[in-house]
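Here's the structure we're looking at; comments come further down.
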Amino acid sequence: MSDISGLIAYGSFFLVLALINGIACLGLNIQWGQTGLFNVGIAGFIAIGAYVSALLTTPLSDGHLGGFGLPMALGWIGGMVAAGAVSAGIGWMTLRLRSDYLAITTFGVAVTVHLLVLNAQSITGGSFGIGFIPRPFESLAERPVLFGLLNLLLVGGLVVVLYLVLERLIRSPWGRVLKAIREDERAASSLGKHASHYRLQAFALGGALMGLSGAIHAHFIGFIAPDNYLSAVTFQIWAMLIVGGSGNNLGALVGAFIIWGLWSLSGLAIGSFFAAEDQARAAALRIVAIGVMLSATILYRPRGLFGERTTVSRHIQNV
Amino acid sequence: MNFQFLANGMVAGAMIGLGAIGVTLTYSILRFSNFAHGELISWGAYATLVIAGLIGSLAPSLALSFGPFSFGPALVLAAVIGMALTGGLALILDRILFKKLRAKTASITVVMASFGASMALRALLEFLFTSRPVYFSRDLQIAMPIGFGIRITADQIALLFLTAILVLALHLLLTYTQIGRAMRAVSESPTLARVAGIDVDHVIRITWILGGALACASGVMLGLVVQIRPFMGFDLLLPLFAASILGGIGSVPGALVGGLIVGIAEAGAVVFIGAEWRAAVSFLLLIVVLLLKPTGLFGSQSR
Chain G
6 MSDISGLIAY GSFFLVLALI NGIACLGLNI QWGQTGLFNV GIAGFIAIGA YVSALLTTPL
66 SDGHLGGFGL PMALGWIGGM VAAGAVSAGI GWMTLRLRSD YLAITTFGVA VTVHLLVLNA
126 QSITGGSFGI GFIPRPFESL AERPVLFGLL NLLLVGGLVV VLYLVLERLI RSPWGRVLKA
186 IREDERAASS LGKHASHYRL QAFALGGALM GLSGAIHAHF IGFIAPDNYL SAVTFQIWAM
246 LIVGGSGNNL GALVGAFIIW GLWSLSGLAI GSFFAAEDQA RAAALRIVAI GVMLSATILY
306 RPRGLFGERT TVSRHIQNV
Chain H
-11 MNFQFLANGM VAGAMIGLGA IGVTLTYSIL RFSNFAHGEL ISWGAYATLV IAGLIGSLAP
49 SLALSFGPFS FGPALVLAAV IGMALTGGLA LILDRILFKK LRAKTASITV VMASFGASMA
109 LRALLEFLFT SRPVYFSRDL QIAMPIGFGI RITADQIALL FLTAILVLAL HLLLTYTQIG
169 RAMRAVSESP TLARVAGIDV DHVIRITWIL GGALACASGV MLGLVVQIRP FMGFDLLLPL
229 FAASILGGIG SVPGALVGGL IVGIAEAGAV VFIGAEWRAA VSFLLLIVVL LLKPTGLFGS
289 QSR
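Right, here's the structure in full:
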């Protein structure tokens, strides 16, 4: 294989993963950016989407529940619906309480989901994970350039559609109500907007997108295991949104590319500059760096690279 | 039926309770859930470990153990210094991060910053000490029977006493001293407290020092009974939150009672359901409290 085709194959692999992270980041943008709901359990919602989709679509295996062998699209929808439903349940329990309680409960969701997929071995395969997950364009896997580009086209197309729909949504009356509630709940309530209903809808929609992101990731890689879904994932998605600019869908996607790029580059650097026994320690420094970056952005540039646009209504912009 | 799980649960619950008191103090006075509190526990344990090693190498006689215990004067001294240092770490975090955010943003942004700080602090520990577990002492402890089929080690008895003393001291401090009254006033209403001439910044500093010191005590206890590793505090975070919400956020006795309930429930789950499900107990308790009584057992107002 020539250098250039290797580069294309690696480039499309990188871009697909960045886009998949971008989908979760768009989900977080609905929850945090638009509505001000704090979710510290992103990894858990991603895991729900990944496992549900994998279980629905894989062939029969002794290692885990399944054998449903459903089409991939149904798996993705199933993963989205499951993650959205869990989000709705959590939201229903906590959104009427103080905002911190939602944060603490979502944190508990991530811990518990990880525990479930690790220990419910007869259903999820436990620490062995789930393999043989059908991949898009699997029959072309022998031709890495074509395979990579087709996957990029599929996921890229999906992200473009999602982006356009979400942009439309935040400009809709629904999106403006979310913003109104975030900025001044009492004023919004006095206009007859039921704040907790809108919050619940936004939280469930965001959770569903995280589930979709997990499902696509599971099918793109073809294998999942519980340790894919640790708190570091939650942390990465947060860093993407905050650095990119919370409240801005474009910012969410650009942030996903930047953070995923830095993450991948530093991974390559650690792999080539450190001896094998030091690599785990060096990898810890990456998390320190992202933690400092996240805190510094909140402190010194709270709007991120692309801040939220203050007016979203096209009626006002046209005046 | 074997009641051993009650003893194990009380020891675990004492550690959770000490940590939860810090969470509940931060919540009631600074009004945010501190996700970095678990890291204060881990940093306290590692700080104590390093200082105990230094003391032991300078004065080997201090490292000898007291009678039936696995620790000696070196560790006691190191724990006191470690508590001060952990309080200092909490103050530094407040100075460079939380204080600036408190002034200009909503409290939920401070929660997010504490989440970022938590990841960074934990990864830094992993970098400095690797993720391999370490121990204060390699001595094996013999558990003594105390009736009802329960066996308990000398260390565990000492730790239960230490918890009781620390909680009693904190309770007296909050109830009878000037700073205790000031802390309660700020937790009721920072604005009114300021109007009444209370130095709110001073109260906040004392809160961090107390929370950090108790977190360190909790970490040293966890290190003595189990082991020291960078994730020790992070894994304790959900039990801490569950305990402080169960006890009623803002209530110091509630946090201890909540900690004991969570600890005993976890130990019971290990015996009756299976050790691998232990970590889910806190989540279940949390959900039950949020559904039935979000103000907790000893919570005062509707929050």
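For the record, the sequence lines run as chains G and H. Note that our numbering has the first sequence beginning at 6, numbered continuously upward. Note that our numbering has the second sequence beginning at -11, numbered continuously upward. Every residue, glycine too, gets a C-beta built ideally from N, C-alpha and C. Here the structure is a predicted model, which is why all the values come from computation and not from measurement.
Is it buried or exposed, residue i, if we count other Cβ atoms within 10 angstroms and call 16 or more buried?
i	result
residue 8/G	exposed
residue 204/G	buried
residue 261/H	exposed
residue 22/G	buried
residue 281/H	exposed
residue 144/G	exposed
residue 187/G	buried
residue 109/H	buried
residue 114/H	buried
residue 82/H	buried
residue 127/H	exposed
residue 99/G	buried
Quick one: give me the first and last residue of the alpha helix (DSSP H) that residue i is part of.
i	result
residue 280/H	268 to 280
residue 234/G	Taken as a continuous stretch (DSSP letters only), residue 234/G belongs to no alpha helix (DSSP H), as it is neither H nor E.
residue 50/G	47 to 62
residue 184/G	178 to 188
residue 254/H	240 to 260
residue 295/G	284 to 305
residue 104/H	95 to 117
residue 145/H	142 to 164
residue 45/H	25 to 46
residue 114/G	104 to 124
residue 85/H	Here residue 85/H belongs to no alpha helix (DSSP H), and DSSP marks it neither H nor E.
residue 222/G	200 to 226
residue 123/H	Counting along the chain, residue 123/H falls outside any alpha helix (DSSP H), and DSSP gives it neither H nor E.
Using only alpha-carbon positions, find the residue among the options that is nearest to residue i.
i	options	result
residue 86/H	284/H, -5/H, 101/H and 134/H	101/H
residue 230/G	116/G, 155/G and 131/G	131/G
residue 66/H	77/H, 43/H and 47/H	43/H
residue 166/G	148/G, 16/G and 31/G	31/G
residue 68/H	49/H, 38/H and 241/H	38/H
residue 103/G	15/H, 259/H, 254/H and 64/H	15/H
residue 181/G	269/G, 17/G and 39/G	39/G
residue 46/H	62/H, 36/H and 136/H	62/H
residue 17/H	64/H, 235/H, 266/H and 240/H	240/H
residue 121/H	177/H, 189/H and 215/H	215/H
residue 300/G	275/G, 284/G, 246/G and 282/G	246/G
residue 121/G	57/G, 225/G, 99/G and 78/G	57/G
residue 86/G	144/G, 209/G, 74/G and 281/G	209/G
residue 261/G	243/G, 275/G and 273/G	243/G
residue -10/H	135/H, 211/H, 77/H and 164/H	135/H
Output the distance between the C-alpha atoms of residue i and residue j, rounded to the nearest integer angstrom.
i	j	result
residue 303/G	residue 216/G	26 Å
residue 290/H	residue 187/H	Low local confidence applies: a pLDDT of 43 at residue 290/H is under 50, so the model's placement there is unreliable, with the coordinate-based value given in what follows. Cα to Cα, the separation comes out at about 27 Å.
residue 182/H	residue 174/H	8 Å
residue 185/G	residue 313/G	14 Å
residue 95/H	residue 263/H	37 Å
residue 61/G	residue 150/H	53 Å
residue 158/G	residue 13/H	52 Å
residue 306/G	residue 74/H	29 Å
residue 212/G	residue 257/G	15 Å
residue -4/H	residue 249/G	47 Å
residue 179/H	residue 91/H	14 Å
residue 195/G	residue 189/G	10 Å
residue 158/H	residue 195/H	11 Å
residue 311/G	residue 259/G	9 Å
residue 270/G	residue 277/G	11 Å
residue 82/G	residue 160/G	15 Å
residue 78/G	residue 226/G	16 Å
residue 156/G	residue 67/G	29 Å
In chain order, what residues of the same chain lie with their CB nearer than 6 Å to the CB of residue i, ignoring the 5 residues before and after it?
i	result
residue 26/H	221, 222, 224 and 225
residue 10/H	25, 199, 202 and 203
residue 230/H	250, 270, 273 and 274
residue 170/H	186 and 191
residue 44/G	36 and 111
Between residue i and the rest of its own chain, which residues show a CB-CB distance below 8 Å, the 5 nearest in sequence each way excluded?
i	result
residue 114/G	46, 49, 50, 91 and 95
residue 60/H	50, 51, 52, 53 and 54
residue 133/H	139
residue 13/G	150, 153 and 154
Going along the chain, which residues of its own chain have a beta-carbon closer than 7 Å to the beta-carbon of residue i, five neighbours each way excluded?
i	result
residue 89/H	97, 98 and 101
residue 222/G	25 and 55
residue 254/G	31, 34, 168, 171 and 172
Can you find a heavy atom of the ligand ADP that lies under 8 Å from the Cβ of residue i?
i	result
residue 177/G	Of the ligands one can find in the structure shown there are none, so the ligand ADP has no counterpart to examine.
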